[in-house]
Amino acid sequence: MAFFPHLLLALLEGTVAAAVLALSALGLSLVFGVMRVVNVAHGEFFMLGAMLAWFVAKMAPGGPAVGFLAALIVAPLLVGALAFVTERLLLRRINYDPEATIVATIGLMFVIQQLALSVFGADAKAVPAPFSYRIALPWFGFSGYKLFVVVASVALLLGVWWVLAKTKLGLIMRVTQFDRETATAFGIPVNQVYSAVFVAGAALVAIAAVLIVPIQQAHYLMGLDPLLMSFIVVIIGGLGSIKGSVIAAVIIGLSDGVISIFFSPTLASIIATLAVALVLVFRPQGLFGVPAR
Amino acid sequence: MPERKLIVPDKKLISRRSALKLAGAGAAAATMGPGFMRYAQAQSSEPIRIGFQVHKTGIGAAYGKWYEQTTNAAVKLINEAGGIGGRPVEIVAEDDATDPGRGAEVVEKFATQHKCDVAFGTLFSHVVMGSAPRAGELKIPYFVVSEGHHVASGKLNRYTFQPGITDVRSQVISMAPWIAKNLGKKVTMIFPDFAFGYDHRDYFSAAIKAQGGEVNALIPIPPTETSFSRYFAQIPSGTEVIYHVMVGPAVLTFVKELGEFYGSNHPPLFGFIDSLEAVSLKSPGLEFLEGSYFWEAYPRNAGAKPADADTFYRGKVGVDQYGSSVSDPNDVSTYSHMFGCWETLYIIKQAMEAAGYKGPDDRAKLIEAAEAITTIPEGNEHPQGDKVFNGKIHQVFGHQNITQVKGGVGELVYRTTIEEGMYEPEADYTAMPL
Numbered sequence: 000m001a002f003f004p005h006l007l008l009a010l011l012e013g014t015v016a017a018a019v020l021a022l023s024a025l026g027l028s029l030v031f032g033v034m035r036v037v038n039v040a041h042g043e044f045f046m047l048g049a050m051l052a053w054f055v056a057k058m059a060p061g062g063p064a065v066g067f068l069a070a071l072i073v074a075p076l077l078v079g080a081l082a083f084v085t086e087r088l089l090l091r092r093i094n095y096d097p098e099a100t101i102v103a104t105i106g107l108m109f110v111i112q113q114l115a116l117s118v119f120g121a122d123a124k125a126v127p128a129p130f131s132y133r134i135a136l137p138w139f140g141f142s143g144y145k146l147f148v149v150v151a152s153v154a155l156l157l158g159v160w161w162v163l164a165k166t167k168l169g170l171i172m173r174v175t176q177f178d179r180e181t182a183t184a185f186g187i188p189v190n191q192v193y194s195a196v197f198v199a200g201a202a203l204v205a206i207a208a209v210l211i212v213p214i215q216q217a218h219y220l221m222g223l224d225p226l227l228m229s230f231i232v233v234i235i236g237g238l239g240s241i242k243g244s245v246i247a248a249v250i251i252g253l254s255d256g257v258i259s260i261f262f263s264p265t266l267a268s269i270i271a272t273l274a275v276a277l278v279l280v281f282r283p284q285g286l287f288g289v290p291a292r
Numbered sequence: 000m001p002e003r004k005l006i007v008p009d010k011k012l013i014s015r016r017s018a019l020k021l022a023g024a025g026a027a028a029a030t031m032g033p034g035f036m037r038y039a040q041a042q043s044s045e046p047i048r049i050g051f052q053v054h055k056t057g058i059g060a061a062y063g064k065w066y067e068q069t070t071n072a073a074v075k076l077i078n079e080a081g082g083i084g085g086r087p088v089e090i091v092a093e094d095d096a097t098d099p100g101r102g103a104e105v106v107e108k109f110a111t112q113h114k115c116d117v118a119f120g121t122l123f124s125h126v127v128m129g130s131a132p133r134a135g136e137l138k139i140p141y142f143v144v145s146e147g148h149h150v151a152s153g154k155l156n157r158y159t160f161q162p163g164i165t166d167v168r169s170q171v172i173s174m175a176p177w178i179a180k181n182l183g184k185k186v187t188m189i190f191p192d193f194a195f196g197y198d199h200r201d202y203f204s205a206a207i208k209a210q211g212g213e214v215n216a217l218i219p220i221p222p223t224e225t226s227f228s229r230y231f232a233q234i235p236s237g238t239e240v241i242y243h244v245m246v247g248p249a250v251l252t253f254v255k256e257l258g259e260f261y262g263s264n265h266p267p268l269f270g271f272i273d274s275l276e277a278v279s280l281k282s283p284g285l286e287f288l289e290g291s292y293f294w295e296a297y298p299r300n301a302g303a304k305p306a307d308a309d310t311f312y313r314g315k316v317g318v319d320q321y322g323s324s325v326s327d328p329n330d331v332s333t334y335s336h337m338f339g340c341w342e343t344l345y346i347i348k349q350a351m352e353a354a355g356y357k358g359p360d361d362r363a364k365l366i367e368a369a370e371a372i373t374t375i376p377e378g379n380e381h382p383q384g385d386k387v388f389n390g391k392i393h394q395v396f397g398h399q400n401i402t403q404v405k406g407g408v409g410e411l412v413y414r415t416t417i418e419e420g421m422y423e424p425e426a427d428y429t430a431m432p433l
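Which chain is which? The protein sequence lines are A and B, in order. Just so you know, we're using numbering that gives the first Met the number 0 here: the first sequence kicks off at 0 and counts up by one. Just so you know, we're using numbering that gives the first Met the number 0 here: the second sequence kicks off at 0 and counts up by one.
And the structure:
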């Protein structure tokens with residue numbers, strides 16, 4: 000393949016990778032940022048969203064588009080409900096203690112994983128895309144749905160940014176993030192904010208999963224990848240900075256696309272992991288993060 | 000689609016040999032008087048315990064489920080026919096999580112805790128590699144159903160056998176002449192970046208060269224990869240055949256993205272069904288596989304004239320003529336691998352009966368009896384076909400099949416002879432001490 004089509008494929012793949020990264024990291028970034036706790040079960044919420052997308056698509060009459068739209072509603076609702084229960088029964092009981100939360104959510108991760116294995120089975124499940132359109136370029140073809148994922152990801156990110164920056168709800172979240180005690184003193188129900196943020200984080204990752212699963216497959220072990228990549232994105236971007244996460248996702252996604260096409264995918268992974276290490280050494284708060292108070 | 004039909008012949012399965020043995024044992028017990036009777040009875044009814052190392056979780060779980068279903072079906076049948084040497088067979092299943100470390104622990108549990116007579120059942124090659132040394136140390140016969148070349152390579156030990164499924168080396172060398180003759184001589188190989196993939200890479204590259212062809216590009220893919228388009232850019236434009244063999248949960252994405260990349264205008268595809276085991280060829284996005292070719296150890300589509308043994312086997316395992324579960328047509332089996340469990344259990348039975356196996360003290364005799372097996376006839380006990388077993392390398396050799404996808408179903412186009420998959424043995428386990 001000549002240089003130009005090669006580069007074009009690299010950029011296309013990189014853009015899709017960036018969109019997938021930004022989508023899966025969005026929920027984690029929100030929870031990490033506002034609550035300052037690490038939800039290790041984040042990847043399992045993603046997996047559940049994907050499994051539900053498969054289940055709904057299978058059950059829904061009237062073709063993949065109907066199933067897709069139904070899943071976009073059902074998956075975030077159910078995963079959000081699970082997150083709500085988790086927050087009430089687990090996180091609140093341990094008082095959002097950062098270390099205890101890590102251990103508790105690791106446990107939750109295994110519970111969800113094994114439940115998914117028992118309920119849905121071990122085989123990978125294909126979820127049809129709502130539409131199948133192959134963009135035929137002179138050198139190669141590219142999935143039209145992948146580009147749709149990019150567009151949807153931009154829209155979702157803008158939506159979250161708008162809520163955080165322009166609405167009262169967003170203001171409350173930012174205040175809670177800034178200083179929990181002062182927020183309490185000003186009458187902000189911090190516990191309810193935490194609850195809402197945790198549920199919103201889970202619902203967002205479920206939406207991300209519904210969008211992404213047609214270009215992957217639903218499988219009970221699929222949660223690990225988005226978990227790791229989300230961490231990388233959130234750490235590089237900076238704790239709690241949505242902007243930072245997006246920029247980190249674009250950098251990692253595009254460099255991953257280009258490096259893995261022109262060199263090797265293994266080298267791309269090495270560089271991404273190295274980048275995390277370097278950021279942690281030289282700028283522990285991340286590219287756009289504020290040092291923890 | 001023709002109606003899904005199942006034929007379950009109700010043959011009396013008790014073999015002449017085991018019937019004679021039972022009768023003999025009864026006669027012997029009778030002559031020894033009432034005092035001895037109770038003891039003989041107790042010993043003869045104590046079950047033979049087969050430790051079943053199964054991928055219930057981890058990346059091999061889709062295979063594990065079907066390995067278990069096949070194993071249970073075969074054991075039920077063996078027990079109905081009088082068990083092994085008149086003793087019932089009991090399966091002790093343990094999950095190895097498709098993990099080599101856990102696999103070794105499971106083998107140890109079989110030997111020391113569960114007091115199993117033999118261990119059996121593993122598929123993924125890294126689990127076999129991790130577990131076999133422990134089986135050798137504990138001197139418990141270990142029968143794998145893995146298709147990797149590691150047993151035949153001589154790298155393992157005298158206690159590890161692969162008597163139910165042909166190894167990768169044999170599979171690929173038997174495919175090369177047909178590919179070179181019918182599809183093309185410039186082959187691009189796409190394979191998983193670990194041991195199983197390297198067997199394909201090394202032995203196919205050599206085999207296609209011997210046919211006057213060449214491998215013009217090697218594209219290894221890490222087993223955890225989820226996105227593949229970027230690898231397809233490495234396929235050279237002069238490629239005449241794309242050879243693919245992938246494993247793991249992302250295989251469907253792999254094939255789908257290959258379709259998106261090429262559209263309808265692609266070089267002929269030759270794939271190993273491993274790329275799509277437990278996946279329906281009619282899955283959305285797989286339409287472009289129409290017309291492409293697959294290696295199958297045992298075609299999941301029974302075809303117009305299935306052999307009686309095949310129909311019998313499908314009926315007992317609970318699989319329809321398309322290789323799907325009878326209870327759910329969307330639940331596709333791992334048809335080209337799981338027969339290995341069935342056939343291996345019958346080999347264990349054959350070897351134990353030939354050795355007059357009584358208990359763990361007879362393990363050395365069992366090993367020698369298994370090594371002495373040579374030809375294996377086709378039949379209900381070996382539905383995939385007749386086979387030749389090489390006792391020196393502990394590896395069985397069978398027929399391989401090439402199918403072409405037509406209307407979302409693989410139709411048989413060629414069945415190799417056993418000889419096409421033969422190679423010079425590289426090792427001799429029988430020279431190792433027991």
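Each residue gets a CB set at the ideal place from its N, CA and C atoms; glycine is no exception. Computed from a predicted model, the values in this text were never measured in an experiment.
For a contact meaning CB atoms closer than 8 Å, what does residue i contact in chain A?
{"i": "Ile58 of chain B", "result": "Leu220"}
{"i": "Leu251 of chain B", "result": "Ala123, Ala125, Gln216"}
{"i": "Arg229 of chain B", "result": "Leu8, Ala9, Glu12, Gly256, Ser259, Ile260, Pro264"}
Hey, out of the options, whose CA is closest to residue i's CA?
{"i": "Ser291 of chain B", "options": "B:Lys304, B:Tyr297, B:His243, B:Val331", "result": "B:His243"}
{"i": "Ile241 of chain B", "options": "B:Cys115, B:Pro191, B:Leu251, B:Gly270", "result": "B:Gly270"}
{"i": "His54 of chain B", "options": "B:Pro222, B:Val316, B:Val126", "result": "B:Val126"}
{"i": "Phe193 of chain B", "options": "B:Ala175, B:Thr111, B:Ile218, B:Gln170", "result": "B:Ile218"}
{"i": "Leu68 of chain A", "options": "A:Ser254, A:Leu279, A:Val55", "result": "A:Val55"}
{"i": "Glu213 of chain B", "options": "B:Gly237, B:Pro221, B:Tyr197, B:Thr223", "result": "B:Gly237"}
{"i": "Lys304 of chain B", "options": "B:Glu410, B:Thr69, B:Ile90", "result": "B:Glu410"}
{"i": "Glu136 of chain B", "options": "B:His113, B:Ile164, B:Val106, B:Lys114", "result": "B:Val106"}
{"i": "Ile207 of chain B", "options": "B:Lys185, B:Ala216, B:Thr223, B:Tyr197", "result": "B:Lys185"}
For a contact defined as C-beta to C-beta under 7 Å, what are the partners of residue i on chain A?
{"i": "Thr70 of chain B", "result": "Those do not exist, as Thr70 of chain B stays about 16 Å from chain A at its closest Cβ, beyond 7 Å."}
{"i": "Pro283 of chain B", "result": "Ala125, Pro127"}
{"i": "Ala96 of chain B", "result": "What Ala96 of chain B touches in chain A: nothing, since even the nearest Cβ is about 11 Å away."}
Roughly how many angstroms separate the alpha carbons of residue i and residue j, rounded to a whole number?
{"i": "Leu257 of chain B", "j": "Glu286 of chain B", "result": "11 Å"}
{"i": "Trp138 of chain A", "j": "Ser263 of chain B", "result": "13 Å"}
{"i": "Ala248 of chain A", "j": "Ala18 of chain A", "result": "7 Å"}
{"i": "Thr159 of chain B", "j": "Lys138 of chain B", "result": "10 Å"}
{"i": "Ala21 of chain A", "j": "Ile134 of chain A", "result": "24 Å"}
{"i": "Gly239 of chain A", "j": "Phe31 of chain A", "result": "6 Å"}
{"i": "Ala232 of chain B", "j": "His5 of chain A", "result": "7 Å"}
{"i": "Ser274 of chain B", "j": "Ser28 of chain A", "result": "36 Å"}
{"i": "Thr183 of chain A", "j": "Pro283 of chain A", "result": "28 Å"}
{"i": "Arg179 of chain A", "j": "Gly288 of chain A", "result": "18 Å"}
{"i": "Val278 of chain A", "j": "Arg87 of chain A", "result": "34 Å"}
{"i": "Leu122 of chain B", "j": "Asp309 of chain B", "result": "22 Å"}
{"i": "Ser326 of chain B", "j": "Leu77 of chain A", "result": "29 Å"}
Which bits of chain B does residue i rub up against, with CB to CB less than 7 Å?
{"i": "Phe139 of chain A", "result": "Phe260"}
{"i": "Leu22 of chain A", "result": "Result: empty, since nearest Cβ-Cβ is about 14 Å, beyond 7 Å."}
Going along chain A, which residues have a C-beta under 9 Å from residue i?
{"i": "Leu280 of chain B", "result": "Near Leu280 of chain B there are no residues of chain A at all, since even the closest Cβ is about 12 Å away, more than 9 Å."}
Give the residues of chain B in contact with residue i, contact being defined as C-beta atoms less than 9 Å apart.
{"i": "Thr104 of chain A", "result": "Ordered by position in chain B, no residue passes the 9 Å Cβ test against Thr104 of chain A, which lies about 20 Å from the chain."}
{"i": "Leu116 of chain A", "result": "Lys55, Thr56, Ala60"}
{"i": "Arg265 of chain A", "result": "According to the sequence displayed, residue 265 of chain A carries Thr and not Arg. The contacting residues are Asp192, Pro221."}
Decide if residue i is buried, meaning its Cβ has at least 16 other Cβ atoms within 10 Å, or exposed.
{"i": "Asn329 of chain B", "result": "exposed"}
{"i": "Thr416 of chain B", "result": "exposed"}
{"i": "Phe190 of chain B", "result": "buried"}
{"i": "Asp360 of chain B", "result": "exposed"}
{"i": "Arg101 of chain B", "result": "buried"}
{"i": "Lys145 of chain A", "result": "buried"}
{"i": "Pro162 of chain B", "result": "buried"}
{"i": "Gln113 of chain A", "result": "exposed"}
{"i": "Pro75 of chain A", "result": "buried"}
Please tell me whether residue i has its Cβ less than 8 Å away from any Cβ of chain E.
{"i": "Arg200 of chain B", "result": "Checking the listed chains, one finds no chain E in this structure; the protein chains it contains are A and B."}
> In the region 137-209 of chain B, which residue ranges form an unbroken beta strand (DSSP E) of at least 3 residues, counting only runs that do not cross its ends?
Replying inline: 185-191
>> Give the list of continuous alpha helix (DSSP H) stretches no shorter than 4 residues that lie fully inside the region 255-326 of chain B.
In response: 307-316
> What beta strand (DSSP E) runs, 3 residues minimum, are completely inside the region 121-145 of chain A?
Replying inline: 133-135, 140-142
> If you scan the region 192-278 of chain A from start to end, which runs of the alpha helix (DSSP H) of 4 or more residues do you find wholly inside it?
Replying inline: Whole alpha helix (DSSP H) segments, 4+ residues: 223-236, 241-261.
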